[in-house]
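Here the structure is laid out as structure tokens; the discussion comes afterwards.
In my numbering, the protein residues as written are 2 to 101.
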């Protein structure tokens, strides 16, 4: 099983998710949802190809849906590099300047 490494913006992404959920639904719900995301990130360490190949957006990019969020990551050797955790409701292709 490879390491799961969170890149610079992932912590901020998770903090924003927690804040938004806790504001609207309370701390218990926010904690449960962020735990669900964290568990999905750890599963990627064991199953790095679990997500969808999104080389159409960036070379070697993969995504994993943890509804309503999308985890963007790359596999580097045995390690999984988590790049972002984004709300999947916006158009992901538009985030990369691609037309759908």
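In this text, a Cβ means the ideal position worked out from N, Cα and C, and glycines have one as well.
Which same chain residues end up closer than 8 Å to residue 75 when comparing Cβ atoms and leaving out the 5 residues on each side of it in sequence? 61, 62, 63, 81, 82, 84
Sub-8 Å separation of residue 86 and residue 18 beta-carbons: Going by C-beta atoms, residue 86 is nearer than 8 Å to residue 18.
Among all the DSSP beta bridges, which residues are the ones paired with residue 80? 77
Whose CA, out of 9, 65, 77, 97, lies closest to the CA of residue 40? When each option's Cα is compared against that of residue 40, the closest is 65.
Give me the residue from 20, 13, 57, 72 with the minimum Cα distance to residue 5. 72
Grab me the residues of residue 34's own chain with a C-beta within less than 6 Å of its C-beta, minus the 5 sequence neighbours each way, in chain order. 22
Could you compute how far the alpha carbon of residue 67 sits from the alpha carbon of residue 38? 7 Å
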